[in-house]
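Notes for the one structure printed next.
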Amino acid sequence: MAETEDRENLLGEYEPLHPRADGGAPKPMSAICDPSKLAHRVLVLVFMCFLGFGSYFCYDNPAALQIQVQQDMNLNTSKFMLLYAWYSWPNVILCFLGGFLLDRVFGIRLGTVIFSLFVCAGQVIFAAGALFNAFWLMEAGRFVFGIGGESLAVAQNTYAVSWFKGKELNLVFGLQLSMARLGSTVNMNIMGWVYGRVQSTLGSAGHTTLGATLMIAAVTCLFSLVCALILGFLDKRAEKILNKEQGKTGEVIKLSDVKEFSLSLWLIFIICVAYYAAIFPFIGLGQVFFIEKFNFSPAEARAVNSIVYIISAPASPILGFLVDRTGKNVVWVMCAVFATLAAHMMLAFTFWNPWIAMCLLGVSYSLLACALWPMVAFLVPEHQLGTAYGFMQSIQNLGLALIAMAAGAILDHRGYLFLEVFFCACICMALIAVVLLYLVDFLRGGDLNLSASARARLRGSSTSDSE
Amino acid sequence: MASDVNTTPLHVLFSLLVLQFATGFIFDGDKYKRQVSFELNPGLNASSPLPPGVGLLHVRALGASDTLHFLLSSLGAPALMLVHTNSSSSSVKVDWRRFLSGNTSGSLQVVPESSVQYSSALVFTRVWEYEDSNDTADPQRLCGGDGGPSFANGSFCLQISAFGSGGRDPVWPGLLHSANSSQLRVWLDGVTPRSNFSRFFLELQTVGRSELQSRVDIVRSIDDEYTPSIFQVSQWVSSPPNVTSPVLGYTQWKPVAYRNATPSLELAAPCRHTGPLPLPRLPPSGLVGAYFGDGYQASGLNVTFGIAGDPLYNATKYLSWTVLVGVGSPPVDSFSPVVMVIMAVGLGTPMLLILLGGVYICVRKKRAEPLAYEPIN
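Note that the protein sequences, when read in sequence, are chains L and H. In this text, residue positions in the first sequence follow this note's numbering: the first is 9, and each later residue adds one. In this text, residue positions in the second sequence follow this note's numbering: the first is 402, and each later residue adds one.
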């Protein structure tokens, strides 16, 4: 921590003594080293944010290098999309297990390091597959990467709760999400350039160039692993100093709860699967689509493809605030689905500048995330929340894996128009589910679509009832 | 340097497709039907033997009151000639002795001459090979030349399909055709490249009446169902100089070639073409020399296969490209019924639900309102 020591001397910040809870020998600590101070928490937050950077950066490596991957590895689109499917497969099960593993088996600190190791190893195997020109090895790499990736996000949230609960938690969640989007955006816009540099160094394109490029991307995962280790250390230190317990996800998964899920919840699951199926696989294939349909340069195509993530970074907290203040979640979800449908139809049936459609997609994607996920909490009692969210993520991953494979095959055989029509059909499915959700909620007198003030009134009366 | 097509080992494959659909499908715009028959070397008697590799295929597409004659010959540069007559009894006459001696105008006739409405020819004058060591896909250094190895091995093949009715080729690029068109597929198979960075391009010429204008229109289309990832179709049309008058004949292609005999998306090579230029002389094709004379002019363009970054010819040693040649206006693609049905159901169902749900909710609210004012007891 020499670096922080220097900064401390430069700033001349000396904190007064702190009474210690465990009554051990008090020692003067600067704010940045004192776990109970904001300055230290900000330091922790920096590591927390970069913890997920590597996995978000590398998740969309295939999309950023679609042309190169397909050419160097001699793949058709169906095979290319398998790289995304293999990422999703382990998470169909791990979404249930991630919380359990963190709480009961590894503990948050060791668990985070282990998941970071998986992410690192996965990316290295992925890159090695390209180096040795073995596509099966690349698929294996994506599988290992998938095992680490989603669970690492759970660990990241758990750390956030453990350090910031009752303080700046929402802001921290927002920052983490923005950081994730930043990782995706940087990846989309920089990997093509990195590949170009490697190509000019090695003298030719080919699977070796691809492998070397992906190895360079693996450095971000290594960086995240270092963050995991530092976080583990800081968390351990804070535990000693503050007598603070190790963070827990608190998730309890009981699969038998599934049969108690209401119709509304199932409709939300359908929306989730159908909606995200038309977003992530589309972004995975987007770059070449913009090049071929709209005659974009590769750099511009990458930029327009990443605009969804760029918009999502600032829009998520703003729209989250908006939805929180107004309530009416179902109406917001419906708006988001409509806007997405409009965006996809623009991309399918017009030659309008795709920046318009992609910006619309970016806003509606952020809006949906803000309005859809909290609805689960209104429908399920708290002790079932873990199961409900786990189940939702699980079938989301199942959907993504299947749709990714279907999208690749459709593109190979029927082209982009048909692919876009397929995505429109997915969104229409989501739209049907939203309309049904609205009707079911209306008929059963549910509170999904209440305005925020009515919801507050309801909460007030229910607490007075219980008293 | 160029390789004149007639000096290369040439195999003109005569294959004839007569597609008859029992019932015209709703979305196949052109329902006009023709009876298609073909004849190899019409009027040739055994006394005058053909030089090796030379042949003349005559395809006769007989309509209700008109006839289309397609003639494909490999004498000189391979050429496809199209003659449209307004008589159902017009025929092709060949003076074989003069035809084979070459350079004799009038040795091939379509009689009665007064019935001829429109005639044109598409000639594959040259296959060019160029060295693309900088990977620009821009022809700068042509291969071969004086004393260099000649264009050897491999084959340049032409396959013609004539159609009795409208439809679509099941093989990519899946061009839509009508009874007024025929399709040529050209492929370059197994040629040993003369440099390590060889790419190819084709020099094409069309012959038409000199008063007609020749231009290439690029039509953008949102529909790439039939030719995945290709959103354009190029049409080399000839029309009277008057802008509003309809197109008389066309050569249509999608800007894509495939690097394998079984086309797939990852083996697609985008094509580009240069603008058509009027040429001072008619192309060196036996068919053109035999039929066209004064009052006809040629214009030419080059079609290059592959763009910068695409694999070179070496990678698969195969390139195939397809054009459609016909009279009248070029066929226009439309959405497939599957797309229309999916969109109709996809958009219709939620709209219907919203409508029914809206009505139901209104009714419920109306009925619930008076209840609200009734006393509880």
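For each residue, glycine too, the CB sits at the ideal point set by N, CA and C.
Option nearest residue i by Cα separation, candidates the options
i: L481/H; options: L457/H, V760/H and K766/H; result: L457/H
i: L559/H; options: G565/H, V740/H, Y761/H and S721/H; result: S721/H
i: A161/L; options: Q207/L, Y92/L and C57/L; result: C57/L
i: A347/L; options: G115/L, A438/L, C128/L and P43/L; result: A438/L
i: D539/H; options: V740/H, A716/H, K718/H and R673/H; result: R673/H
i: I743/H; options: G370/L, S374/L, F426/L and C41/L; result: F426/L
i: S635/H; options: P677/H, V620/H, G687/H and D624/H; result: V620/H
i: L145/L; options: A168/L, V121/L, K336/L and W94/L; result: W94/L
i: T85/L; options: A460/L, A396/L, V448/L and A417/L; result: A417/L
i: N165/L; options: L263/L, N99/L, F55/L and K244/L; result: F55/L
i: S438/H; options: R682/H, G464/H, R499/H and R569/H; result: G464/H
i: D467/H; options: S611/H, S488/H, L543/H and V484/H; result: S488/H
i: D533/H; options: F598/H, D570/H, V733/H and F632/H; result: F598/H
Presumed contact (8 Å Cβ cut-off) between residue i and residue j, rounded CB distance
i: G157/L; j: S324/L; result: G157/L to S324/L, Cβ: 20 Å. No contact.
i: A286/L; j: C434/L; result: 4 Å
i: Q606/H; j: L680/H; result: 7 Å
i: T675/H; j: L713/H; result: With a Cβ gap of about 21 Å, T675/H and L713/H do not count as contacting.
i: D618/H; j: V638/H; result: 6 Å
i: M342/L; j: V442/L; result: 5 Å
i: L756/H; j: I440/L; result: Incorrect: roughly 13 Å between the Cβ atoms, too far for contact.
i: N715/H; j: P594/H; result: 6 Å
Residues of its chain near residue i, where Cβ-Cβ distance is below 6 Å and the 5 sequence neighbours each way are ignored
i: F65/L; result: G191, N195 and T228
i: F108/L; result: none
i: V206/L; result: T217, A220 and T221
i: Y8/L; result: Residue 8/L falls outside the range modelled here, since chain L spans only 9 to 475, and no answer is possible.
i: M223/L; result: A135
i: S506/H; result: G694
i: L3/L; result: Residue 3/L lies beyond the residue range present for chain L, which begins at 9 and ends at 475; the question has no answer from this structure.
i: G430/H; result: With a pLDDT of only 44 at G430/H, under the threshold of 50, the placement of this residue in the model should not be trusted, and no figure is reported.
i: G758/H; result: none
i: G106/L; result: S159 and V162
C-beta contact flag for residue i and residue j at 9 Å
i: W573/H; j: V704/H; result: no
i: V460/H; j: S596/H; result: no
i: I561/H; j: L441/H; result: no
i: M89/L; j: L218/L; result: no
i: Q295/L; j: Q74/L; result: yes
i: F172/L; j: R49/L; result: yes
i: L376/L; j: Y283/L; result: yes
i: A563/H; j: V524/H; result: no
i: Y92/L; j: A412/L; result: yes
i: G727/H; j: N581/H; result: yes
i: S686/H; j: L476/H; result: yes
i: F450/L; j: I762/H; result: yes
i: I249/L; j: D42/L; result: yes
i: I198/L; j: A72/L; result: yes
i: G555/H; j: G591/H; result: yes
i: A662/H; j: S630/H; result: no
i: D536/H; j: Y424/L; result: no
i: K432/H; j: G575/H; result: no
i: L501/H; j: P443/H; result: no
i: A168/L; j: L110/L; result: no
i: L83/L; j: G154/L; result: no
Close Cβ partners of residue i (< 7 Å) along its chain, the five nearest in sequence each way excluded
i: F104/L; result: I261, G398 and S402
i: L355/L; result: P362, A365 and E428
i: V281/L; result: I403, Q404 and G407
i: N17/L; result: Because N17/L sits at a pLDDT of 36, beneath the cut-off of 50, its placement in the model cannot be relied upon, and the following sentence gives the value as read from the coordinates. Within the same chain, N17/L has no close Cβ partners at all.
i: S492/H; result: V512
i: G31/L; result: A caution first: G31/L carries a pLDDT of 42, below 50, which makes its placement in the model unreliable, though a value can still be read off. Excluding residues within five positions, none has a Cβ falling inside 7 Å.
i: G696/H; result: R610 and S611
Same chain only: Cβ atoms within 8 Å of residue i, ignoring 5 sequence neighbours per side
i: H391/L; result: V260
i: F231/L; result: F58, F61 and G62
i: G370/L; result: I315, V316, Y317, I318, I319, S320 and A323
i: L444/L; result: L275
beta-carbon residue i near the ligand FMN non-hydrogen atom, thresh 8 Å
i: I101/L; result: Absence of the ligand FMN is noted for the structure shown, with no ligands found whatsoever.
* At 3 residues or longer, and completely inside the segment 466-514 of chain H: list those beta strand (DSSP E) runs for me, N to C. => Look at the segment 466-514 of chain H and you find these whole runs of beta strand (DSSP E), each 3 residues long or longer: 468-474, 480-486, 492-495 and 509-512.
* Can you check the segment 656-729 of chain H for any alpha helix (DSSP H) of at least 4 residues that lies completely inside it and give the ranges in chain order? => The qualifying runs are 687-692.
* Taking the runs of the alpha helix (DSSP H) that are 4 residues or longer, which of them lie wholly in the segment 70-126 of chain L? -> Entirely contained in the segment 70-126 of chain L, the alpha helix (DSSP H) runs reaching 4 residues are, in chain order, 74-80 and 85-108.
* To do: Please specify which runs of the alpha helix (DSSP H), each continuous and at least 4 residues long, are wholly inside the segment 222-289 of chain L, giving them in chain order.
  => The segment 222-289 of chain L contains, as complete alpha helix (DSSP H) runs of 4+ residues, the segments 271-285 (chain order).
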